[in-house]
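In full-length UniProt numbering, the protein residues as written are 1 to 358.
Think of the CB as a built atom: it goes at the ideal place given N, C-alpha and C, for glycine as much as any other residue.
Bear in mind the structure is a predicted one, so any value in this text is a computation, not a measurement.
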Amino acid sequence: MTMRIYLDWNATAPMRGAAVEAIAEESRRWANPSSVHGEGRSAKGRLERARESLAAAFGTMPSQLIFTSGGTEALALALQGTMMPRILVSAVEHSAVLEAAPGAQILPVDSDGRLCLNALQDALKEGPALVALMHANNETGVLQPVEEVVDLVRACGGLTLVDAVQTAGKMRLPSADFVAISAHKIGGPPGAGMLVARCADQLEAVQKGGGQERGLRGGTENLPGIAGFAAAAEAYDMEWLAAAAKRHRRLEDAVKAAGGTIVGERAQRLQNVSMIRMPGVSAASQLMVLDLAGFALSSGSACSSGKVGASHVLAAMGMDAPAAGEAVRVSSGWLTEDEDVERFAEAWVRLAEQRRAA
Ligand code: PLP
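Spelled out as structure tokens, the structure:
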């Protein structure tokens, strides 16, 4: 059997041992944190300790954290729960944003995928709005000027929501009014996440129910998931990112030498992501050959679509459909080794040469 090499970390990351243990430990208990008996009070205590631990890991306050079922729900809570008259979103947002705010005004990005600040400034002239912008794009890794945007939006009385699902644990949390984070990208379990709500007074529950999370998110808390999330955040370190940057630079050099291109190359990007294009060869065909050769990777947003389709992100960056359909995403993580990326680069270059010769 071929040794598999996992290069799809932006879709999901392997769970950390500490998270698995914390989930197992919590799963052996079963009290509801809202119950008033001793077991319930003890569960409530563990819930609040997880909240404190996550707040410390992300440099925020426990009272600002609202647990959700993941990044998607955290984004929906801010988008649908704030009472702003208008919503502005960038054209490269994750579908979790675009689908949750169907009436939003879409702001353009430049050819590197960065928000056009002039367009934002023009839109803000019409009055305050909730502005949703991702910290880093899940497909290209391109970083957005979130702090500049926070300042611009604040100056006109608006609110900002930053989708930090791909940067949490890799970069300092943005100072936005709302920040969405997902557990499964940092080594926690899928199905857990949170909204950092620095302006919780501007928020109303979207998922109503038993008044949990200070009335802002109804539903019994997923305590095993939250315990796993907290354990993953405690275990997280950023040291691997420097090695990841070097690996991806070598990969991108090899891709360019073989006639490929790098999407968003001129922009500042996350160190662990390269979106690479092989002219003349469809992403679907690259993924199939590379999968058979032992490499797990995606084109575009596997975490939201599960299909190989056209990317709205690349279209927004001005790539035509045939070119966009030739790009695949390589994303690595803390368990990735130099050799994994080197072997991938060799396989990709071999495929590019074969297709050129055919
Ligand atoms: N935002 C971004 C940028 C993502 O990459 C994802 C992908 O999973 C999400 C939001 C959705 O997060 P979740 O899977 O926790 O719902």
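Run of the alpha helix (DSSP H) containing residue i, from where it starts to where it stops
i           : result
residue 54  : 38–58
residue 288 : 283–292
residue 121 : 117–124
residue 23  : 17–27
residue 72  : 71–81
residue 241 : 240–257
residue 297 : Element bounds for residue 297: n/a, residue is neither H nor E.
residue 173 : Premise fails: residue 173 is in no alpha helix (DSSP H) and is neither H nor E.
residue 266 : Per DSSP, residue 266 belongs to no alpha helix (DSSP H) and is neither H nor E.
For residue j and residue i, the rounded distance between their alpha carbons
i           : j           : result
residue 354 : residue 344 : 15 Å
residue 17  : residue 125 : 50 Å
residue 168 : residue 66  : 16 Å
residue 180 : residue 138 : 14 Å
residue 145 : residue 189 : 29 Å
residue 291 : residue 24  : 32 Å
residue 38  : residue 76  : 34 Å
residue 301 : residue 11  : Low confidence applies here, because residue 301 scores a pLDDT of 49, under 50, leaving its location unreliable; read the following figure in that light. Between residue 301 and residue 11, the C-alpha separation is close to 7 Å.
residue 352 : residue 247 : 20 Å
residue 150 : residue 164 : 14 Å
residue 28  : residue 197 : 31 Å
residue 103 : residue 88  : 9 Å
residue 14  : residue 336 : 11 Å
residue 175 : residue 260 : 37 Å
residue 303 : residue 280 : The pLDDT assigned to residue 303 is 42, lower than 50, so where the model puts this residue is not dependable; a value taken from the coordinates is nonetheless given after this. Looking at the two C-alpha atoms, the distance is approximately 26 Å.
residue 332 : residue 211 : 39 Å
residue 159 : residue 153 : 6 Å
residue 74  : residue 135 : 15 Å
residue 258 : residue 346 : 10 Å
residue 147 : residue 171 : 13 Å
residue 7   : residue 166 : 15 Å
residue 48  : residue 200 : 18 Å
Beta-carbon proximity check, residue i vs residue j, cutoff 9 Å
i           : j           : result
residue 82  : residue 100 : no
residue 131 : residue 120 : yes
residue 274 : residue 287 : no
residue 328 : residue 254 : no
residue 141 : residue 271 : yes
residue 78  : residue 203 : yes
residue 359 : residue 33  : Given a span of 1 to 358 for the chain in the structure shown, any question on residue 359 remains unanswerable.
residue 364 : residue 68  : Since the first and last residues shown for the chain are 1 and 358, residue 364 lies out of range.
residue 316 : residue 109 : yes
residue 57  : residue 230 : yes
residue 97  : residue 113 : no
residue 294 : residue 4   : yes
residue 85  : residue 155 : no
residue 221 : residue 53  : no
Unbroken beta strand (DSSP E) run spanning residue i, endpoints
i           : result
residue 142 : Run containing residue 142: none; DSSP gives neither H nor E here.
residue 132 : 130–134
residue 196 : 193–197
residue 180 : 178–182
residue 105 : 105–107
residue 4   : Careful: residue 4 lies outside any beta strand (DSSP E) and carries neither H nor E.
residue 329 : 327–331
residue 66  : 65–68
Cβ-heavy atom distance, residue i to the ligand PLP, below 8 Å
i           : result
residue 272 : no
residue 140 : no
residue 59  : no
residue 166 : yes
residue 134 : yes
residue 73  : yes
residue 170 : no
residue 10  : yes
residue 118 : no
residue 163 : yes
residue 78  : no
Residue i: CB within 8 Å of a non-hydrogen atom of the ligand SAM
i           : result
residue 160 : With respect to the ligand SAM, the structure shown offers nothing to examine, as its ligands consist of the ligand PLP.
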